[in-house]
Amino acid sequence: MQLPVLFTLGLATSFASLSTAHTVFTTLFVNDVNQGDGTCVRMSKQGNVSTHPIASGINSPDMACGRDGQETVAFTCPAPAGSKLTLEFRMWADASKPGSIDPSHVGPMAVYLKRVSNIKTDAAAGPGWFKIWDEGYDAAAKKWATEKLIAQDGLLSIELPSGLPTGYYLARHEIITIQNVTNDKVDPQFYVGCAQLFIQGSSTSESTSIPLDKLVSIPGHVQATDPGLTLNPYKDDLTTYQTVGPSIFFPAPSSNINTNTAGGRGTNAKTQQSTAQTQTDGLIPPTCLLKNANWCAAEVPSYTTEAGCWAAGEDCYAQLDVCYKTAPPTGSKGCRVWEEDKCAVIQAACQSGNFQGPPRKGEKLGAAAGGGGDGVDQPVPGGKVPPAAVNAGAEGQGQQAGSTPTPTKVSTTPTAVSASAAPKKTSKCGGRRRERRQRRRV
Ligand SMILES: [Cu+2]
C-alpha cells in the first residue's frame, strides 16, 4: 500500500517557532478564561522578530498592531463590556523559556481600543483609537509599568469600559521602553499588538461621541519629541514622567457613546450602524475538535472502506499541513496533538486493515478534552493566575476633563535615580539581545 503523499507533510518544520527575547503579547484571557496561545491575537508571523520592537518607525502603520498587524486573524474573541481582559506577555513567544519582558527594558504601558465595522477588512492603522488605560512611572512604588508587569508574571489585567456599544473592536497594547534613551540619542522602542474582540455591550446607540481630543490616529498619536519619549530614565527626574498619547476615555454605562462618527469615520456611520447585535464573524466553530492559535481541526469524513480510510487520512494530514503552516510564533502544540491523536491513528488503522472510522469520531482533543493541546478551555498555563485589573474602579473616568494621571511628587527621597539604582547602561536592547534560534520542531 502506497502512503498518500500528504502523510509526510506533518513533518514539515514550523519555522514560525523561532524567536528572540524582548517581549510579545501572546495570549488573551477573558474573565480569567484562557483563549489559547495566539487565539484572536495579531502578532508578527516571523518568529525571529516576533518579540522585537517595531522597526519601521513611529509613523509606520505597524504602530497600530505591530508587524503583520494589518492582517486579520481567523478568530475574534467574545468579551462582554465591562469584562476583565488579561494580556500575557512573553520574552519567548512559545514559552520555551520563562520571562515576560527583558528586565533591562523600562517604560510606560497603555491599552487602546478601536471599533471597526469589519474585523476582517477594516484597517488597524488610521483614526478611531482611544486610550482606556495607561501607566508610566509609579513614583510611590518606584516602579515603571514594565517592572510591575514583570512582577505580575507578564500578565496585565484591564477592565473594559461597560459603556461600550456592541461591536467588533481591536484592543491594542502599547509598551514603550526607553532604556536606550540618552541625552545624545532618543531611541524609544515600541512593542505593540492587538486582540480581536467582539464586545457585547448594552447599547448600539449612536447618539453621543467620543470627545475629539480623546480620539487619535495611529500612527500619529505620539511624536518623537514628546517628553515621555525623550526622558532619560537614568538621569532625569522620573517623578515628572508623563505618558504619551491622548488622555484616557473610559465611558460609563449611561454615556451611550458613539465610537463611529467622530475622528474622521463619519462616512462609515451608516455601515457601522448595521453592525450586528450578535457576533457573526470570527467565531470558533462548534465543530472545532482542537485549536491551535487561529486554526481549528474539523472531523474527517466517516468511512467504511479502505479507500475511505486513506481518504480520511489525507484529509487529516491536509488540515495538519495548514496548522503547521499557519502556526504563529506561539507554537504548534495543537497541531502536534492533531497529528498524533488523529492522523497517525487513522494511518495506523488503514495499514492494519481497520476500515471503520474515524477513531474517536467527533471527540474533542487536546486541552479541551483534558489533554495537553492548545484547546479552547485550557486553564492558565504554568499555574499563572490573572491578577486584578489595574484600572478596577475606573468606571466613568474620562467623562470629565483632565483625567490623565498626573505625575505625583513623593515627599521622601526625591527620585529613584540614585547612583546605586542606576542600572548598567548597555547597548541596543539593554545589551541582553539574544539572537538565539530555537531548535527546529520535527
Ligand atoms: Cu528589546
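In case it helps, mature numbering (1 follows the signal peptide of the UniProt record, and there is no 0) puts the sequence shown at residues -21 to -1, 1 to 421.
Idealized CB from N, CA, C, for every residue including glycine.
Nothing here was measured: the structure is a model prediction, and the numbers come from that model.
Here DSSP, grouped into helix, strand and coil, assigns R315 to helix.
In this structure, T5 lies away from P365, with their beta-carbon atoms at least 7 Å apart.
Under DSSP, Q168 takes part in a beta bridge, and its partners are T156. DSSP places K304 inside the alpha helix (DSSP H), whose first and last residues are E285 to T305. If you check the C-beta of D81 against ligand 1, you find a heavy atom less than 6 Å away.
With a cut-off of 6 Å, the C-beta of H152 is classified as distant from ligand 1, since no heavy atom of the ligand falls inside that distance. Burial is judged here by how many other beta carbons sit within 10 angstroms of a residue's own beta carbon; P198 has at least 16 and is buried. At least one heavy atom of ligand 1 is found less than 6 Å from the C-beta of H1.
Apart from the 5 residues on each side of it in sequence, G180 sits with its Cβ closer than 6 Å to the Cβ of A60, L143, P144 and T145 in its chain, given in chain order. Contact fails between the segment 203 to 221 and the segment 43 to 58, because fewer than three Cβ pairs, one in each stretch, are under 8 Å apart. Distances from the CA of M88 to each of T305, W274 and P167 were compared; the closest alpha carbon is that of P167. In the DSSP assignment, S331 falls outside any beta strand (DSSP E) and lies within the alpha helix (DSSP H) extending over A323 to S331.
The criterion of a C-beta distance shorter than 7 Å is not satisfied by G78 and P308.
The shortest CA-to-CA distance from S311 to any of T259, C322 and L299 is the one to L299. DSSP, read as helix, strand or coil, puts C44 in helix. L176 sits in a strand when the DSSP states are folded into three classes.
Shown here, V28 sits in a helix according to DSSP, grouped into three states.
The three-state secondary structure of I227, taken from DSSP, is coil. Contact annotation, P232 with S141: C-beta distance approximately 5 Å; criterion of less than 8 Å satisfied. In this structure, the alpha-carbon of H31 lies about 14 Å from that of R21.
I263 is bridged by DSSP to nothing; it lacks a bridge partner. In this structure, N370 lies near W112, with their beta-carbon atoms less than 7 Å apart.
Taking C-alpha positions only, W289 is separated from G313 by approximately 22 Å. Taking the C-beta atoms as reference points, Y148 is found no nearer than 7 Å to L128. Looking from the CA of I37, the closest CA among R339, T204 and L194 belongs to T204.
DSSP places G15 in the uninterrupted beta strand (DSSP E) bounded by V12 to D16. Residue environment analysis places K76 among the exposed positions, since fewer than 16 neighbouring C-beta atoms fall within 10 angstroms of its C-beta. E67 and S331 have their C-alpha atoms roughly 45 Å apart.
No Cβ-Cβ contact shorter than 7 Å links I33 with F229. Distance between A286 and S29, taken at the CA atoms: about 43 Å.
Nearest to A367 by C-alpha distance, out of I137, A130 and P106, is I137. When only Cα atoms are considered, D132 and K363 end up about 8 Å apart.
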